[in-house]
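All remarks here apply to the structure that follows.
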Amino acid sequence: MTNWKLGLIGLAISSLGISALASPTAQAAVLIIHAGRNEPPPVREERVVVRRGYVWDGGHYGWRHHRYVWARGHYMHQRRGHEWAPGRWERHQDHYDWYRGEWHPQR
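Counting from 1 along the sequence shown, just add 1114 to a position and that's the residue number in our numbering.
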């Protein structure tokens, strides 16, 4: 492959990486997973210690390999001027959909 083609490929890859960094809201798209007909189990209680500069994203049951599997909660760096809306399961007709958490601008 010639040098100019390699350069164009490198430029394209780097511009994709920069645009992903510059646009954190692009990652906030809703992810919908059609789960089974069974209701998700109740959320487990987790011990949370308040940490300055961090937000707690609570654990939830995810749908993996045709069954619900627990995913532990974790801390995330707080985003100035935003608040965290946690993920949730919603019932739709004969199945449940998972909407992952996302950041919303504070009002």
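C-beta atoms are modelled at their ideal positions from N, C-alpha and C, and glycine is treated no differently.
Taking residue i and residue j to be in contact with their CB atoms under 8 Å, please state how far apart those CB atoms are, rounded to whole angstroms.
| i | j | result |
| --- | --- | --- |
| Y1210 | E1153 | 7 Å |
| Y1175 | V1163 | Incorrect: roughly 23 Å between the Cβ atoms, too far for contact. |
| R1195 | W1170 | First, the amino acid is wrong: residue 1195 is Gly here, not Arg. That belief does not hold up - the Cβ atoms of G1195 and W1170 are roughly 19 Å apart, past 8 Å. |
Tell me whether residue i sits in a helix, a strand or coil according to DSSP, three-state version.
| i | result |
| --- | --- |
| D1208 | coil |
| G1176 | strand |
| A1140 | Because the pLDDT at A1140 is just 43, under 50, the model does not fix this residue reliably, and the value given afterwards should be weighed accordingly. Here A1140 sits in helix by DSSP. |
| P1155 | coil |
| V1169 | strand |
Output needed for residue i: all residues of its chain with C-beta closer than 7 Å, excluding positions within five of it in sequence on either side, in chain order.
| i | result |
| --- | --- |
| R1221 | none |
| D1208 | R1151 |
| S1137 | Residue placement at S1137 is poorly supported in this model, since its pLDDT is 43, which falls under 50; the coordinates still yield a value, given next. Counting only Cβ-Cβ distances below 7 Å, and skipping sequence neighbours, we find nothing. |
| P1155 | Y1175 and Y1182 |
Nearest by alpha-carbon distance to residue i: which of the options is it?
| i | options | result |
| --- | --- | --- |
| V1157 | G1173, R1151 and R1193 | G1173 |
| R1193 | R1186, R1205 and G1167 | G1167 |
| H1191 | R1205, P1155, R1165 and A1185 | R1165 |
Spatial neighbours of residue i within its chain, please: CB distance less than 6 Å, with the 5 preceding and 5 following residues excluded, ordered by chain position.
| i | result |
| --- | --- |
| E1197 | H1218 and Q1220 |
| E1204 | D1211 |
| H1206 | none |
| R1178 | none |
| E1160 | G1173 and G1187 |
Kindly list the residues whose CB is nearer than 8 Å to the CB of residue i, restricted to its own chain and excluding five residues on each side of it in sequence; keep chain order.
| i | result |
| --- | --- |
| A1185 | G1173, H1174, Y1175 and G1176 |
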